[in-house]
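Residues in the sequence shown are numbered consecutively from 575, following our numbering. Built from N, CA and C at the ideal position, the CB exists for glycine as well.
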Amino acid sequence: MTAPQSTSQAHQHRLRQTLVDAPFVKITGPTGDWIVFSEPTKTSNLTPEHIAWLCNRSSGVGAVGVVLMTAASPSAQYPVSDLEAWKSDGTPAIDLIEAARAATYALAALQRIPDSETSHHVFKAATGIITTVYTPTYVGVDIGQWSYAEPDTAIAAGSDALVMAAGLTDPRPGLSIRTQSLHITIAVESLDELESIDLTQSPSVEPSVREPTGVNFVVPQDPLTIEGMGQLALRHHPAVPGNLELGSAAAAATIAFQLWAGLTQPHIWNVSTLHGDIVVQLHEDRRVSTFAALSTVFFGRL
575 MTAPQSTSQA
585 HQHRLRQTLV
595 DAPFVKITGP
605 TGDWIVFSEP
615 TKTSNLTPEH
625 IAWLCNRSSG
635 VGAVGVVLMT
645 AASPSAQYPV
655 SDLEAWKSDG
665 TPAIDLIEAA
675 RAATYALAAL
685 QRIPDSETSH
695 HVFKAATGII
705 TTVYTPTYVG
715 VDIGQWSYAE
725 PDTAIAAGSD
735 ALVMAAGLTD
745 PRPGLSIRTQ
755 SLHITIAVES
765 LDELESIDLT
775 QSPSVEPSVR
785 EPTGVNFVVP
795 QDPLTIEGMG
805 QLALRHHPAV
815 PGNLELGSAA
825 AAATIAFQLW
835 AGLTQPHIWN
845 VSTLHGDIVV
855 QLHEDRRVST
865 FAALSTVFFG
875 RL
């Protein structure tokens, strides 16, 4: 006799059946682990329920987010792939920097591109075009141009907000910078103070922000440079719980620190985070790109 399924088990079975035989690769990097689907043409119709089930670490595969990549023709000189990404709660990801990074690495993991050669890639997403570079040691993403949220105030005063966080003894001035998504960066005095901040509680910002805004806490490392590369440490509170925006957060924190320190060099900074290092490169015309190492967790099929 077969034991009857619970309502929850039956629902999960139906979700699994709609994606039966769909292959995927699980990729991990500074923002956590991603489930990446790559299809020649879009055949999977991923719903919020599918995403939440896939990301569930008890009943599903387990991940911080899901990426769906419709692969471009390998014969194209500059292949353009369609890119979609979702957070673990099933809502669309807004900041797609880390999704594009995971998708690029997945191309090599799935042997769609040579994993021992450098290659360039273009993704078309709801937020616009994202360009990436794959190398055997890292994946780079061009974030594009950055901007101050309040240019006049930022340049004149170096700050445009006041931020208080649990663990700090007093409010700190912050600087708002848009690096695809909006971030307010605050300098702290030491690594000990950085580690004392309780990010389980949302920082308060004055004046109140008008849109979802990440909050970054940054401190220079000692020494400040190693072999010509700047060294920073970062902790980040996302704009919305589950937002996967650490790359753009590292970029905003680097830009803010350079302004405060009055530096024009170096152009490359290593930003240490709890989940790994992110390298930020500052270009002319206020362009910025980020680089990070990723790895394959496993391949699977639903």
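Just tell me which of A673, T644, T828 has its CA closest to the CA of T615. What you label residue 615 is simply residue 41 of the sequence shown in a count that begins at 1. If you compare the alpha carbons of A673, T644, T828 with that of T615, the shortest gap goes to T644.
Within 8 Å (strictly less), CB to CB, does P688 reach chain B? Absent here is chain B; the protein component of the structure consists of one chain.
Collapsed DSSP secondary structure at M575 in the structure displayed: Here residue 575 is taken as the residue at index 1 of the sequence shown, counted from 1. For M575, the predicted model reports a pLDDT of 49, less than 50, meaning its position is unreliable; a value from the coordinates is still stated below. Coil at M575, not helix or strand.
What residue range is occupied by the uninterrupted beta strand (DSSP E) comprising D726? Here residue 726 refers to the residue found at position 152 when the sequence shown is read from its first residue. That residue, D726, is in no beta strand (DSSP E); its alpha helix (DSSP H) goes 725-731.
Could you tell me the distance, in whole angstroms, from the CA atom of S782 to the CA atom of R746? In the sequence shown, the residue the question calls residue 782 occupies position 208. In the sequence shown, the residue the question calls residue 746 occupies position 172. Approximately 15 Å between the Cα atoms of the pair.
Please classify F865 as buried or exposed, where buried requires at least 16 other C-beta atoms within 10 Å of its C-beta. Within the sequence shown, residue 865 is the residue found at index 291, counting from 1. Buried, because 16 or more other Cβ atoms sit within 10 Å of the Cβ of F865.
What's the C-alpha gap between L736 and I829? Position 162 of the sequence shown, counted from the start, is the residue given in the question as residue 736. Position 255 of the sequence shown, counted from the start, is the residue given in the question as residue 829. Rounded to whole angstroms, L736 to I829 spans 18 Å at the Cα level.
Let me make sure I understand the geometry here. Which of E763, I852, D766, I771 has the alpha-carbon closest to that of Q805? The count along the sequence shown starts at 1 and reaches residue 805 at position 231. Residue I852 is the option with its Cα nearest to Q805.
Using the DSSP secondary-structure output, state which residues sit across from G603 in a beta bridge. For this step, residue 603 is matched to residue 29 along the sequence shown. G603 is bridged by DSSP to G606.
On a CA-only basis, which of T787, G802, H810 is nearest V793? Give me that one, please. Sequence index remark: in the sequence shown, residue 793 carries index 219 (1-based). Considering only alpha carbons, the answer is H810.
Can we say the segment 833-850 touches the segment 693-706, given the rule of at least three CB pairs closer than 8 Å? Between the segment 833-850 and the segment 693-706, the count of Cβ pairs shorter than 8 Å is below three; the stretches do not touch.
By a C-beta neighbour count over all protein chains shown, 10 Å radius and 16 as the cutoff for buried, is D859 buried or exposed? The residue given as residue 859 occupies position 285 in the sequence shown. Exposed: under 16 other Cβ atoms inside 10 Å.
Report the rounded CA-to-CA distance for A825 versus E613, giving the unit in angstroms. Working through the sequence shown from its first residue, we reach residue 825 at position 251. Working through the sequence shown from its first residue, we reach residue 613 at position 39. Looking at the two C-alpha atoms, the distance is approximately 31 Å.
Neighbourhood of F873 by C-beta distance below 6 Å, restricted to the same chain and skipping five residues each side: As a first step, residue 873 must be located in the sequence shown, where it is residue number 299. Correct list, in chain order: V599.
With DSSP run on the structure shown, which of helix, strand or coil describes W843? The residue given as residue 843 occupies position 269 in the sequence shown. Correct three-state label for W843: strand.
Tell me, please, whether the segment 682-699 touches the segment 619-632 by the rule of three or more beta-carbon pairs shorter than 8 Å. By the criterion of at least three beta-carbon pairs nearer than 8 Å, the segment 682-699 is not in contact with the segment 619-632.
Quick one: any contact between the segment 712-725 and the segment 673-687, if contact means 3 or more CB pairs under 8 Å? Enough Cβ pairs lie closer than 8 Å, so yes.
Quick check on the burial criterion: 16 or more other C-beta atoms within 10 angstroms. Buried or exposed for A730? Walking along the sequence shown from the start, residue 730 turns up at place 156. By the neighbour-count criterion, in which 16 or more other beta carbons inside 10 Å mark a residue as buried, A730 falls on the exposed side.
Using only the alpha-carbon positions, how far apart do L749 and S822 sit? For the purposes of this step, residue 749 is taken as residue 175 along the sequence shown, with counting starting at 1. For the purposes of this step, residue 822 is taken as residue 248 along the sequence shown, with counting starting at 1. So the alpha carbons of these two residues sit roughly 14 Å apart.
I'd like to know whether the C-beta atoms of L818 and A677 end up nearer to each other than 8 Å. Here residue 818 refers to the residue found at position 244 of the sequence shown. Here residue 677 refers to the residue found at position 103 of the sequence shown. For L818 and A677, no; Cβs fall outside 8 Å.
Here's the rule: buried if 16 or more other CB atoms are within 10 angstroms of the residue's CB, otherwise exposed. What is D744? In the sequence shown, residue 744 corresponds to position 170, counting from 1. Label assigned to D744: exposed.
Where are the alpha helix (DSSP H) runs, 4 residues long or more, that stay fully inside the segment 774-816, in chain order? If we require 4 residues or more, the segment 774-816 turns out to have no alpha helix (DSSP H) run fully inside it.
Which of helix, strand or coil does DSSP assign to Y712? Along the sequence shown, read from residue 1 onward, the residue named residue 712 stands at position 138. In the structure shown, Y712 sits in coil (DSSP, three-state: anything other than H, G, I, E or B).
Tell me the rounded alpha-carbon separation between G788 and L808. Position 214 of the sequence shown, counted from the start, is the residue given in the question as residue 788. Position 234 of the sequence shown, counted from the start, is the residue given in the question as residue 808. Their backbone Cα atoms lie some 12 Å apart in a straight line.
Contact check, V912 vs T727 under 8 Å by CB: the rounded distance? Residue 912 lies beyond the residue range present for the chain, which begins at 575 and ends at 876; the question has no answer from this structure.
Please state if the CB of I671 and the CB of I717 are separated by a distance shorter than 8 Å. Residue numbering aside, residue 717 sits at position 143 when the sequence shown is read from its first letter. Residue numbering aside, residue 671 sits at position 97 when the sequence shown is read from its first letter. Yes, the Cβ-Cβ distance between I717 and I671 is below 8 Å.
Could you tell me which residues DSSP pairs with Q719 in its beta bridges? In the sequence shown, residue 719 corresponds to position 145, counting from 1. Residue pairing by DSSP puts Q719 in a beta bridge opposite R861.
State buried or exposed for G802, treating a residue as buried only when at least 16 other CB atoms are found within 10 Å of its CB. Locating residue 802 in the sequence shown gives position 228, counting from the first residue. G802 is exposed by the Cβ-count criterion.
When the distance is taken between beta carbons, is S764 closer than 8 Å to M738? Position 164 of the sequence shown, counting from 1, holds the residue named residue 738. Position 190 of the sequence shown, counting from 1, holds the residue named residue 764. Here M738 is not near S764, since their CB atoms are 8 Å or more apart.
Using only alpha-carbon positions, find the residue among E767, D766, S733, F791 that is nearest to S776. As a first step, residue 776 must be located in the sequence shown, where it is residue number 202. Nearest C-alpha to S776: F791.
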